[in-house]
Structure formats: structure tokens, C-alpha cells
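Chains as they are written, first to last, in the working numbering: chain B, 255 to 428; chain C, 923 to 1821.
Spelled out as C-alpha cells, the structure:
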């Protein structure tokens, strides 16, 4: 149970807002981190914490594309194919990534490691082509770089670059 | 022009409207209908569908704030650069609205073309077809052809269930969010939401069970397309083939106005009939889906007589009637008239009940009549309602700032669901709601104060409240109070009570009581609603609870004032009418005291009345009050008049088959004392006859000189003459002017679901306190300390979907039906060693033991357990006498192996 497992963190998040409902998105991220994706149980638990009907939470979870209602891999790759990235070859690179992992768009590798999704603009057009793995940016992509990143992540997980290791951005309060 | 009214110009025509009104409503006053989908007068405007776009302009003002005038001296109108949504734009002084400009017509056409890009146009198989706002507005304003490339239409799997009662066709949905807003705002069941975005957007529910609301059916009425339809009406008929018959819901005392959609001798659907004084445009799902008992296979269709071998044989009406007359006459000649008793269920219509009493008192000469099978007798609340009840002319929708609703021991969501909607609406309009209840209930959500009294202390709480108001708020007291008979005695009795002792007995703190007293003293309107649980919990102090409530209303001058007064939250649809018609052992019709006082229902059913013959109409005591079974078995002659072979009917010597509410005309009186009429929609099955007819036939065979009643109209005409409270209430007088929802004839369905316009609004009878010189007497029954015993206090809780004779036959509701279970508090669960998942318990009380599953209710106070009744057979009814006892009992954990 989320409530027991991360009690202190939940209290901390709730303390930032004048009403409980406002903590929904951080709590959904927390639940997603805990369960890998938003299971019906996870949604009910979040609703319980927020004293809301689960339908309310479910509606929000389905509104945002970064909440997963189906199981996803340990690493979710979101690959930008919007215009600026496409102009520098993102579509071709994305096909390369899919072939490399043997996946269709949205698919997950059988080892449960990678899920690949086409994404709209990731707001880093200056460093196109761009992809995210679990919210961590990988920029100026080339075929070689993709090979390197996939190999590295497979071997060691995400590099600890000090940010993006958590799904939810931590509130910066002192 | 008053300060809050403004003048606007709709297509050049001046219209006056209150400032802040949205353009749609203001335009209606000018006879201009602006098409809408998402807008609904009962819901917060959202401007989502864009159908209501109109051209809007404001008078231009110069830099000095003065209106700019043109060469002719007329104000210059500055038009907004874009069309505005008429449903979200409030009117302001001098505003110009144009609805007949070409760009407006273009916008309406364009919006419809856009909405239809994702609409399947499957009107021929759509239940909404024929009363569909989208269909009608498309015909009126839409394009002939779509420019949209058809293969691009959005397709979804055809309807998906939102639970087992409501289907959602996502292709038809136009995302107006009326259903979502209804659930959130009106019903306080926020169990519908949008999910996903753009064209993939859909309505979802994630509650357990899905679409968990007692009001879900209303969303199908206000859905402006066929996206939401009910399982009950799905593919049952085309709406234009239905005969719409005005009726009154038979399930609870709210008296919701309904329309029976009849076709080929069957009820195809039940829909609400708009009555802004009673149910607005809503009904609960019990009312909507609970009609299947009428057409049930197992209805009684012929009179039955018990043969010598103990089995029933079919008989003709003359034979059965003759048999009953002979047997009753024999009992009377041997044992006297008082050996005959009559119990009339409060489900019967006023006409039935009036003649039942007339038959007993005038023809048989027996005063033994009562209707309170499911309501505690001896509390005096029947009389108190006649004295200080909610005054005539009251409308809960008129409550707002300065109004106070005090609910005592209520559970309106389960027992009178639409009352919950009305209380919620009053609260949203600014009224203060105070809930006094021993256990959590849904109306807590509306409460400014929640007083958790201790069961048994209800009367002490009310007495304490009265004491504080009398002694600490003298300025708030009404001068006429002391002129009332009994007022002095009440004052003296209350003066002798110690506030801290009362508070201690009630379990509510003195300061909380003082706060409530302050609210009562300062309120403009005070409504006190008393539920069954309050009277049952108070036990022998129930009369004092009633007395204190009545005195409180009289003392503050609220008694007799519109929008104030006492409301009894009765168990049945016509409990109020049964009291009015004198189905009480100590009162004649219209609450005149009877010279000859008969036996109460309790005395009749316990055997204390020593009856030899019993006549039971529309009641099933053998099931509801299992302790009465030996008496019913032993009585020499038992007549039962009912729709079904009930537990009681099985014990009868003669059974008369009765017509159901939809099969006869009748009038019913609601808990607000509104007398309302219902029309006949169907023919009764077989030889079943209306209750009043059967009683009249018996009277005739006793040579009573009764006028020949041909129809219920004749009986009501007599009631309107003989019962003072119902003076002049003939059927035609129960009508009024319809409240139009639209200026376009036949367009009312855009707001109400059907185009049926209601004119049968009924009439509230005035209470004693409304008289210029009120003559009623205040009573003071005295208070004793609450009973304290070892064990857990079991509070009986009635559920909406129970196993009652009528609702049990709507199998649609089976999956939501109340389960036999015990709710236990956290303390109790800990003591019993139950986990969060609950467990199995042995419950013992009132001489009954049963094994039940237990569920944890953390909000429940310690020492309390909530038990259901009427949930399964008779054991659960025996536990609490069908909800009429709150016994102390024991709970023990049963290990799984023992089960």
C-alpha cells in the first residue's frame, strides 16, 4: 500500500497544497513509480488518500499521456518526431530504434526493459533529434549514439546525472 | 426598473431580466429560443458545445463614461468582435443580442456540422430518436449535407456499459458534460468523468459498482443525444408510440411526479414529470427501475378462498366477498366488533384508506385501524405534523441564506433519495444544514454542523436545544407562543431540566447544542425533518422528541410560516395520507380525536388486542414483523388484500387481488403533505381490482348506505367534502399552470428529457399553526434517562434497493441490492479481532441470532453497529422488528471454518 510505504513522502506532498485534490498529479507519479504503471488498485489508493472518488483520479490519469494505465517497460523511451526533429532525420532514426529493439510504436521488449513511444515536441528543438528515457534527455541523436545509449542503459541502467531519476519533479522548498 | 433588473434588446426587442442572468434565459423571456446542448438551467454553465453562439453588443461609452450617441441621438452599439456563447454571457444594461443575423445562422449550422462529424446518425436504432435535442436542432438549424469525409468518422465499440443500468454509446456522445455535472453538482456522486482527449475523449466511470449513484437514470433524461440510455428502456419502444400517463412514484413519501410510458398494456419506462415543488425534473433509480412488480408474473389475479383441506381455490368476486362478509359478521355477532382489526398499508391511495376507515368505523363498528407496520406507533408525530408541519406554500427550492434544515436521525439518500437532492440544492443556495445522526450518512456532506448523538439520547438533544432557545434566546421567541395551550407547561417542564444532564444523555456537548440553538434562533426558516431512526432510537422518549421539536417551532414562531415546519420522513409513499385519512386507532379522518379509541398496530400484531378476525390491506406484517406470525396464524379469520402471495397472504383465509398503483387512479399525499393525483395507465391483470372498490363492495354487502362510487374520482369528491383538510381537493383542483422549459412548443425535452408538460402539481393542506388564531395544544411527555444495557447498540438501516415486495421484482437492480451485513466501528472491529477486510460475525439481539458478514465503517462511533433489514428472508427483520427497534446485542467473531 502506497499510504503505508511512502507515508512521509505523501504527507510532505500534501503539505504543499491548500486542498488535498491538488496533490493528485504528484501522487499519481509516486504511484506510477511504485507500481510501474497505474493499476486500478493504484488509482483507488490515490483516490483514497485524496478523499475523492476513484473516477476523478482515473479521468486525470487518462488525460495525461505520461501516466501509463497499461504495463510499460522499466525504461520508457519517448522519441520526438515533431517538425524540428523530423527536419534533422528523427523519423529515420526512430525507425532505426524500433528495428533495433524489434518493436512497433508503443511496444515493449519481451524482457520488459524498454517501451518505445513516439512523442510530440519535447521542448528541446535546439538539440534535435531528441529522446527521453524516463524523463532524462538524450540529445543530438545519431545511430551510433542510440546504439551506445541502449547498450549503456541495458548494462547499467540510467546514468546518474543528478536529475530525472525521479518521475516527479521534486518541489524545491527550503 | 428595480435595481437588480436590466433591460437588454433581443433582436431589437427590449426585455427586462435580472442582472447576471445568462443570455439564453433572458432571451427566452422575449420568446426567443437559443439552441443549446451543454447548457442546462439546473447546472453550472460551461460553454462547451458552442451551439448557443449569438451576436452581442454593448452600448459604447466615451472616455468620460457617458454613452456615445450617433447623429440621431441613439446609443452607438459596440459589437463584440466574435460571436459569444449565450449560455455563459450574463446580461448587462443596454446589451444587444442578435440571434437572427446571417453569421449566427452560419455559426449554428457550422456547430451542428462539426458536432455531426463524429456522430453516427443511427437515429433509426437510437432510443433517443423522437425526443432528441440533437435530432431536432439539426432539423431546425443544421446543414443538409456534411462536407466531412465520412470514412474519417470516429468509431467506437457500440455501447459499453456504465454499470448494468446505463449504457454509453461513445459515438453519439457530443461531450456536453451534462451527465458529469449532474453527478457532481446535483447528486454529489462524482462517479463520471471525461477520459482521454480530442476525438478519443470518452465518458468513464471508475467507481465500484460502476456508476455508483442512486440517481444515474437522470443522466439519460438530460443527455441531449442518445449517448446515455437505460438498460430498462433500451430497444423497448419508440418514444412516439408511448402513451404518457401522469402518475406518482409508489416507492417513497417524496411523491415524485412520474410519467408512465405505456405501450401495449405494459410499462415501457418511467420518467420524471417536472414538478418544481416536489422533484424538480429528477427521480431516483428506484422510482425509474422499480416498476417491474406491476407486470410481474406472480401477481394475484383472482380472489382465493382457503378450502377445508388448507389449500387455496380460485373463487369469483361475489363468492369471495360474500364469504368474507359472512365470516366477519359471524365474528362480530359472537365476539363484538372490537374483535375485528384492520391494518392498511401506507402504500394504498387516499381513496382506499378513506373507505377502509369508513368501513371499519361506520360499517363494522370497530375502531381497530392502523397503518404503522413500518413506523413506530405512539410517538404523536402524526398529530404534531398536523399542528406544526411544513406550512403550505413551502418549497425547499425557495430555501437559501437564512434557512436552516435540521435533519434528525435521517438517512434520506437511502429512504427518500430525492429529498437528498432538495436538501443539497437548498444548501447550495445558501441554506444551513445541520445533521443530527448517530452514524455517518450521505447528508453529512451538506452539513455545516454534524451532531453525533448517542442512540437513545435523541429526545434529550432536542429538549436541550429547546431549553437553550427558550432560556437564552428570548429575543427570538414569538409573542404568540405563550398564548398556545400547553406552552406554560412546556416552559416549566423544560426549566426543570438540567442542560448538562441533557447534553450528557444525548452525547452531544453543551457548546455544540448552544451553537445550534443560536442558528435556530437566528434563522429565517426552520425545517425539522425527523427520521425513523430518531424515533426508534429514542424509544420511550420518542414522544418527548416530537414534543420538543413542535415546541421549538412554535416558540420561534416558525410554525405555520411558509418554508418552515416539521417533516416526518415516513417509510411509505402514502404514510401521510394514511394519517390524514384516519388510519389511526385514536383519530378520525382529518385528525379529529376519536371517541372510541381502538388498538394500535402493535397491540393487534402482538395479540394484546385479542382479535378474532384481521383484515390486512397492502401490508405484509408476517414478513416485516416476524414476531406477529403466531398471532396471524392463530386469528380465526384473516383477509389479505395484496398484489402478491406475500408471507401474510399465505396465512390468509381469503385473498383479494388488488390493482397496482399504475392500474387505477388515485391520490397520494407526500411527506410535505402535498396531495397529488395519479392516473390509470394499465388494466389490472386478471380480475384484480382497486383497493377502494373491494372495500366498497364489502360495505355494500353489509347493507351500508354508501353512495355508488363508480371511480376513484367519486371517492376523492367525497373526501374533498368530508375531510376538512382536503376541502375542495377534487381531482380537477389538483392541477395548475404548467412550467414551460422552452418557448418552443414540444421542445421541453431539451431540458427535461420528455416533451410532456406537467399540470398536475397537487396541493399542500394547511397545518393548524397556519390559522390566524392557532388552536392546537403543545404537549410535554416527559423524559426518562436513556436505556443503557450491556452490548453493542444495533441500529437498523433501511436500504434503497432492499428485498421489499415491490423492489425485489426489479431484477435489474439485483447486483446493487443491499446485502445482509453488519457495519462495525473500528473499536468494535479491533475488539472482535476483525481485519480491514471485515469478517464473519454472529449477531444476537431481540431473541434472534444470525451469522452475517461484517464490514468495517471507520467513521462509526464506538459501541454502535449498523444492521440492515428487509435484506434476506425474515431473520434480519426479526433482529430489529423490521427497523422498529434498536436493540442492544452481542457480536462474536465466527472463524471461517465454522461458517
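A virtual CB, placed ideally from N, CA and C, is assigned to each residue, including glycine. Note that the structure is a prediction, hence the values are computed from the model and not measured.
Minimum Cβ-Cβ distance from residue i to chain B less than 8 Å
i	result
residue 1137 of chain C	no
residue 968 of chain C	no
residue 1780 of chain C	no
residue 1113 of chain C	yes
residue 1545 of chain C	no
residue 871 of chain C	Outside the shown range of chain C, which is 923 to 1821, sits residue 871 of chain C, and nothing can be said about it.
residue 888 of chain C	Because chain C in this structure spans residues 923 to 1821, residue 888 of chain C falls outside the shown range and cannot be described.
residue 1583 of chain C	no
residue 898 of chain C	This structure cannot speak to residue 898 of chain C, because chain C is shown only from 923 to 1821.
residue 1282 of chain C	no
residue 1116 of chain C	yes
Cross-strand partners of residue i (DSSP beta bridge)
i	result
residue 334 of chain B	B:373
residue 1814 of chain C	C:1764
residue 386 of chain B	B:332 and B:391
residue 927 of chain C	C:940
residue 1578 of chain C	C:1563
residue 1590 of chain C	C:1598
residue 1775 of chain C	C:1743 and C:1762
residue 1006 of chain C	C:976
residue 1311 of chain C	C:1488
residue 1682 of chain C	DSSP lists no partner for residue 1682 of chain C.
residue 935 of chain C	C:932
residue 1770 of chain C	C:1767
Span of the alpha helix (DSSP H), counted from its first residue to its last, around residue i
i	result
residue 1115 of chain C	Taken as a continuous stretch (DSSP letters only), residue 1115 of chain C belongs to no alpha helix (DSSP H), being part of the beta strand (DSSP E) at 1115-1117.
residue 1828 of chain C	Shown here, chain C extends from 923 to 1821; a query on residue 1828 of chain C therefore has no answer.
residue 1147 of chain C	Unbroken run through residue 1147 of chain C: none, as it is neither H nor E.
residue 1214 of chain C	Segment: none, residue 1214 of chain C is in no alpha helix (DSSP H) and carries neither H nor E.
residue 391 of chain B	Taken as a continuous stretch (DSSP letters only), residue 391 of chain B belongs to no alpha helix (DSSP H), being part of the beta strand (DSSP E) at 390-392.
residue 1342 of chain C	1339-1350
residue 1255 of chain C	1239-1257
residue 1024 of chain C	1024-1038
residue 1704 of chain C	Segment: none, residue 1704 of chain C is in no alpha helix (DSSP H) and carries neither H nor E.
residue 1638 of chain C	1634-1644
residue 1447 of chain C	Residue 1447 of chain C -> not in any alpha helix (DSSP H); beta strand (DSSP E) instead, spanning 1447-1452.
residue 1499 of chain C	1497-1502
Within chain E, the residues that residue i reaches when beta carbons sit closer than 8 Å
i	result
residue 297 of chain B	No chain E appears in the structure shown, which is made up of the protein chains B and C.
Span of the beta strand (DSSP E) around residue i
i	result
residue 975 of chain C	975-981
residue 1077 of chain C	Element bounds for residue 1077 of chain C: n/a, residue is neither H nor E.
residue 1226 of chain C	1226-1228
residue 1194 of chain C	1188-1194
residue 1537 of chain C	1535-1539
residue 1169 of chain C	1165-1170
Within-8 Å CB hit, residue i to chain C
i	result
residue 426 of chain B	Reliability fails at residue 426 of chain B, whose pLDDT of 45 lies under 50, so the model's placement of it is uncertain and the value that follows must be treated cautiously. For residue 426 of chain B, the answer is no, since every Cβ of chain C falls outside 8 Å of its Cβ.
residue 417 of chain B	With a pLDDT of 42 at residue 417 of chain B, under the threshold of 50, the modelled position of this residue cannot be trusted; read the value that follows with caution. So no, residue 417 of chain B is outside the interface.
residue 272 of chain B	no
residue 408 of chain B	no
Contact belief for residue i with residue j at Cβ below 8 Å, rounded distance in angstroms
i	j	result
residue 403 of chain B	residue 370 of chain B	Contact flag wrong, Cβ pair sits at about 13 Å.
residue 959 of chain C	residue 1055 of chain C	6 Å
residue 1702 of chain C	residue 1469 of chain C	5 Å
residue 1484 of chain C	residue 1306 of chain C	Rounded, the Cβ-Cβ distance is 18 Å, inconsistent with contact.
residue 1568 of chain C	residue 1727 of chain C	6 Å
Q: Select from the segment 306-320 of chain B all residues with a C-beta closer than 7 Å to any C-beta belonging to chain C, and list them in chain order.
A: Those residues of the segment 306-320 of chain B that come within reach of chain C (Cβ to Cβ, closer than 7 Å) are 307, 308, 309, 310, 312, 313, 316 and 317.
**Q.** Near-chain B residues of the segment 1150-1174 of chain C (beta-carbon distance less than 8 Å), N- to C-terminal order
**A.** none
Q. Using a beta-carbon distance cut-off of less than 7 Å, what residues from the segment 1076-1092 of chain C approach chain B?
A. none
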